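*Asks:* Starting off with a structure, shown below.
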Amino acid sequence: MMPLFDKIGFEPKLVLFDLDGTLLNSLPDLYSASLSMADVLNINAPSLTHVEQWVGNGAAVLVQRILANQFQPSSVDPRFDHALQLYMDAYHQLGNRQSHLYGGVEALLSELHQKGISQGVVTNKPNRFTEPLLSQFGILHYFDLVYSGDSFTEKKPHPMPLLMAAQQIGVSLEECLMVGDSSNDINAAKACGMPCLGVRGGYNHGRDVAECEPDWVIDSL
Numbered sequence: 000m001m002p003l004f005d006k007i008g009f010e011p012k013l014v015l016f017d018l019d020g021t022l023l024n025s026l027p028d029l030y031s032a033s034l035s036m037a038d039v040l041n042i043n044a045p046s047l048t049h050v051e052q053w054v055g056n057g058a059a060v061l062v063q064r065i066l067a068n069q070f071q072p073s074s075v076d077p078r079f080d081h082a083l084q085l086y087m088d089a090y091h092q093l094g095n096r097q098s099h100l101y102g103g104v105e106a107l108l109s110e111l112h113q114k115g116i117s118q119g120v121v122t123n124k125p126n127r128f129t130e131p132l133l134s135q136f137g138i139l140h141y142f143d144l145v146y147s148g149d150s151f152t153e154k155k156p157h158p159m160p161l162l163m164a165a166q167q168i169g170v171s172l173e174e175c176l177m178v179g180d181s182s183n184d185i186n187a188a189k190a191c192g193m194p195c196l197g198v199r200g201g202y203n204h205g206r207d208v209a210e211c212e213p214d215w216v217i218d219s220l
């Protein structure tokens, strides 16, 4: 078995990866898009730390948090629709020039592919960005499925995308492994009984992913 699977004690038939904070360090571009939106709206610009702690639940939730300047907005800001469009346009225009794959990612994906283990991406990022981003970084061809935040009626931490992934590949939940950096990934896996691996160093709302009690925790891929 691969060293990673030696560590966790089994070799899955399907490995599902989160994207932002797990495979890709995208925070610099997410932050730049947030600053651009705030500038146009003439609101207080969020700090880098705030954006790092507020990402993970999809672009819409991030925008709501920035408008409210807090993690849990009490109401929907009347500027929300305009703000979301500004954010999406800014993120698109940035072209992920500041983002980069984490160390070891491409080697791991390649080794999984060579071993014939199915792979997928399950992210809360909007679909319009997900596959172009994977293609831009040269890793799209490794994945048998790519699910985005708007692929289904529910997104992580709801288990629906994970359940659909296992069904599409034709494997049991016990034969899968969800790999992610945040509570959204770990809670989605726990909700459907899928083994899960937490990766430190991503974006977990300012908390160590170990606090979410995944089955296993590693410092990096």
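With numbering that gives the first Met the number 0, letter number 124 in the sequence shown gets 123, and the count goes up by one each step, no holes. Think of the CB as a built atom: it goes at the ideal place given N, C-alpha and C, for glycine as much as any other residue. Computed from a prediction, not measured in an experiment: that's the story for all the values here.
With 16 other CB atoms within 10 Å as the buried threshold, where does residue 181 fall?
*Replies:* If you number the sequence shown from 1, residue 181 lands on position 182. Result: buried.
*Asks:* What is the DSSP secondary structure of residue 69, counted as helix, strand or coil?
*Replies:* The residue labelled residue 69 in the question sits at position 70 within the sequence shown. Of the three classes helix, strand and coil, the one that applies to residue 69 here is coil, per DSSP.
*Asks:* Could you tell me whether the region 124–137 touches the region 54–65, using the rule of 3 or more Cβ pairs below 8 Å?
*Replies:* Remark: three or more beta-carbon pairs, one from each stretch, lie closer than 8 Å, so the region 124–137 and the region 54–65 are flagged as touching.
*Asks:* In the DSSP assignment, find the beta strand (DSSP E) that holds residue 196 and state where it starts and stops.
*Replies:* For the purposes of this step, residue 196 is taken as residue 197 along the sequence shown, with counting starting at 1. Per DSSP, residue 196 belongs to the beta strand (DSSP E) from 195–198.
*Asks:* Roughly how many angstroms separate the alpha carbons of residue 165 and residue 48, rounded to a whole number?
*Replies:* Here residue 165 refers to the residue found at position 166 when the sequence shown is read from its first residue. Here residue 48 refers to the residue found at position 49 when the sequence shown is read from its first residue. Roughly 35 Å separates the two Cα atoms.
*Asks:* Just the C-alpha distance for residue 63 and residue 40, rounded to the nearest angstrom, thanks.
*Replies:* Translated into the one-based positions of the sequence shown, residue 63 becomes position 64. Translated into the one-based positions of the sequence shown, residue 40 becomes position 41. Going from the Cα of residue 63 to the Cα of residue 40 covers about 13 Å.
*Asks:* Determine, using beta-carbon pairs with one atom in the region 78–92 and one in the region 176–193, whether at least three such pairs fall under 8 Å.
*Replies:* no
*Asks:* Give the straight-line distance between the Cα atoms of residue 133 and residue 18, rounded to the nearest whole angstrom.
*Replies:* Translated into the one-based positions of the sequence shown, residue 133 becomes position 134. Translated into the one-based positions of the sequence shown, residue 18 becomes position 19. So the two alpha carbons sit approximately 9 Å from each other.
*Asks:* Here's the rule: buried if 16 or more other CB atoms are within 10 angstroms of the residue's CB, otherwise exposed. What is residue 36?
*Replies:* Start at 1 with the first residue of the sequence shown, and residue 36 comes out as number 37. By the 10 Å Cβ count, residue 36 comes out buried.
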